[in-house]
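S.K.:
Pasting the structure below:
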């Protein structure tokens, strides 16, 4: 046991960066720092420094890949500028986007969570049942328990998938809702 | 002529909800789900080039009602929310016509009857803008690709069939069953234990059972329900796994027993 630990401590920063790169590469979900700490037996700060170095390496050599913090973890992905070629290899087309109704509902949920259906109706002025169903089906939102009020309505919030699909590190990365207050005359 | 083909589109990418004018008297309305009464109001206010903080209620109300009539004429089912908004507008309009009570003056600045509506419109507008922001974020993200999942303990195909997938399959079968015309022949009733025994026997022989095919051979609703419960029971109690080899593919029952 002691021997194993000793061996871990002997890992140089370069090796650590390389190991982290390997871990992130095989991980199909954004890999959390917590998980890296657990697996590599290094402290958070060391991991953080290694991540910074790794992401700088990708940037410096103008790689086709990028290392990003997203959905509470780190992920390797292609750079957006190569999407056309990547798409022709994968033979995929941009998938169907959400309807505007669904996007609007999602915006309300993202900013107001946890939020109930009547509260969404209040803001949007329209019933949102079908949008909510779409968002649940796409796993962009999740039920977050019931509100302790008349009728005990279900509350909704955004999911981890939401952060990943919209390229967010965490919810605090959403721009402040007050910044959207511009009524163009 | 300026008005010809005037087109105000609510959304920002594809014309899902729009109001456009073909000639002076003909106005066409296309409303998607997202265009609610608030959207219509915002549109009208913009079109009248009115200040949102000083809405000319009389004009806007008249226009709003005209649009609702038009919607009815075009046979668009006017949703209740539109009517509620119409009532609200009329109420605000009448409140504004009333002179202020002299006694109340000075006590506090009498609240503008429009205030609540303005707040709602501004709030609504904010979320519309936020939706636009999400839309552009999603667009950028769609150009970013990650590696396909590697098969590992967490991500093997065998555990990818959840109880919901199973339930969905069961529903497909039930649907199909409905379509088929069945002769109702009285059969001996089967118990769950018998069903489990029978499925176990088949599984032992075949090692692999396609659930869809298995269910297809069953005749009555009761048998189907029994088979479904039996499947869950067998998976729970024995070394049998549910395998879905491709996404949305058929679910197989695979025996691990040597």
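Protein chains in written order, with the working numbering: chain A, 1 to 185; chain X, 1001 to 1258. Ideal placement from N, C-alpha and C gives every residue a C-beta, glycine not left out.
Mark residue 1039 of chain X as exposed unless 16 or more other C-beta atoms lie within 10 angstroms of its C-beta, in which case mark it buried.
M.R.: Stepping through the second chain from its first residue, residue 1039 of chain X is reached at position 39. Buried: at least 16 other Cβ atoms inside 10 Å.
S.K.: Look at residue 80 of chain A and residue 1143 of chain X and say whether their C-beta atoms are less than 9 angstroms apart.
M.R.: Residue mapping note: residue 80 of chain A aligns to position 80 of the first chain, counting from 1. Residue mapping note: residue 1143 of chain X aligns to position 143 of the second chain, counting from 1. It is a contact, given that the beta carbons lie within the stated cut-off.
S.K.: Is residue 1208 of chain X helix, strand or coil when you go by DSSP?
M.R.: Here residue 1208 of chain X corresponds to residue number 208 of the second chain, with the count starting at 1. In the structure shown, residue 1208 of chain X sits in a strand (DSSP, three-state: E or B).
S.K.: Counting only beta-carbon atoms, is residue 1140 of chain X nearer than 9 angstroms to chain A?
M.R.: Indexing the second chain from 1 puts residue 1140 of chain X at position 140. True, the Cβ-Cβ gap to chain A drops below 9 angstroms.
S.K.: Roughly how many angstroms separate the alpha carbons of residue 64 of chain A and residue 175 of chain A, rounded to a whole number?
M.R.: Residue mapping note: residue 64 of chain A aligns to position 64 of the first chain, counting from 1. Residue mapping note: residue 175 of chain A aligns to position 175 of the first chain, counting from 1. C-alpha separation (whole angstroms): 28 angstroms.
S.K.: How would you call residue 1051 of chain X, buried or exposed, if buried means at least 16 neighbouring beta carbons within 10 angstroms?
M.R.: On the second chain, position 51 is the one that residue 1051 of chain X refers to. When all chains shown are included, residue 1051 of chain X counts as exposed.
S.K.: How about residue 1247 of chain X: is its C-beta nearer than 9 angstroms to some C-beta of chain A?
M.R.: Counted from its first residue, the second chain places residue 1247 of chain X at position 247. No, no contact with chain A.
S.K.: Quick one: measure Cβ to Cβ for residue 124 of chain A and residue 108 of chain A, integer angstroms, because I've assumed they're closer than 8 angstroms.
M.R.: Within the first chain, numbered from 1, the residue matching residue 124 of chain A stands at position 124. Within the first chain, numbered from 1, the residue matching residue 108 of chain A stands at position 108. Rounded, the Cβ-Cβ distance is 6 angstroms, consistent with contact.
S.K.: List, in chain order, every chain A residue whose beta-carbon is nearer than 8 angstroms to that of residue 1131 of chain X.
M.R.: The count along the second chain starts at 1 and reaches residue 1131 of chain X at position 131. Neighbours of residue 1131 of chain X on chain A, chain order: 100, 103, 104, 106, 107.
S.K.: If we count Cβ pairs, one from each stretch, closer than 8 angstroms, do we get three or more for the stretch 67 to 74 of chain A versus the stretch 48 to 58 of chain A?
M.R.: Judged by Cβ distances under 8 angstroms, the stretch 67 to 74 of chain A makes contact with the stretch 48 to 58 of chain A, as three or more pairs qualify.
S.K.: Would residue 180 of chain A and residue 1127 of chain X be called neighbours here (beta carbons separated by less than 9 angstroms)?
M.R.: Residue numbering aside, residue 180 of chain A sits at position 180 when the first chain is read from its first letter. Residue numbering aside, residue 1127 of chain X sits at position 127 when the second chain is read from its first letter. Yes, they are a contact pair.
S.K.: Under the three-state reduction of DSSP, which class applies to residue 112 of chain A: helix, strand or coil?
M.R.: Working through the first chain from its first residue, we reach residue 112 of chain A at position 112. Three-state result, residue 112 of chain A: helix.
S.K.: Distance check for residue 1228 of chain X and residue 1170 of chain X, CA to CA, integer angstroms please.
M.R.: Position 170 of the second chain holds residue 1170 of chain X. Position 228 of the second chain holds residue 1228 of chain X. The alpha-carbon atoms of residue 1170 of chain X and residue 1228 of chain X are separated by roughly 7 angstroms.
S.K.: Is there a Cβ of chain A sitting closer than 9 angstroms to that of residue 1172 of chain X, yes or no?
M.R.: Translated into the one-based positions of the second chain, residue 1172 of chain X becomes position 172. For residue 1172 of chain X, the answer is no, since every Cβ of chain A falls outside 9 angstroms of its Cβ.
S.K.: Taking 9 angstroms as the CB-CB cut-off, is residue 19 of chain A touching chain X?
M.R.: Translated into the one-based positions of the first chain, residue 19 of chain A becomes position 19. Judged by the 9 angstroms Cβ criterion, residue 19 of chain A is not in contact with chain X.
S.K.: Cutting at 7 angstroms between CB atoms, please list the residues of its own chain near residue 127 of chain A, excluding the five before and the five after it.
M.R.: Here residue 127 of chain A is taken as the residue at index 127 of the first chain, counted from 1. Result list for residue 127 of chain A: 121, in chain order.
S.K.: State yes or no: is the beta carbon of residue 1222 of chain X nearer than 9 angstroms to at least one beta carbon in chain A?
M.R.: Translated into positions along the second chain, residue 1222 of chain X becomes position 222. It does not; no Cβ of chain A falls within 9 angstroms.
S.K.: Provide the residue span of the beta strand (DSSP E) that contains residue 143 of chain A, from first to last.
M.R.: As a position in the first chain, residue 143 of chain A is number 143, starting the count at 1. Element bounds for residue 143 of chain A: 141 to 146.
S.K.: Who does residue 11 of chain A pair with in a DSSP beta bridge?
M.R.: For this step, residue 11 of chain A is matched to residue 11 along the first chain. The partner list for residue 11 of chain A (beta bridge, DSSP) is empty, contrary to what the question assumes.
S.K.: Is there contact between the stretch 1091 to 1098 of chain X and the stretch 1109 to 1119 of chain X, where contact requires at least three CB pairs shorter than 8 angstroms?
M.R.: Cβ pair count under 8 angstroms is three or more, so yes.
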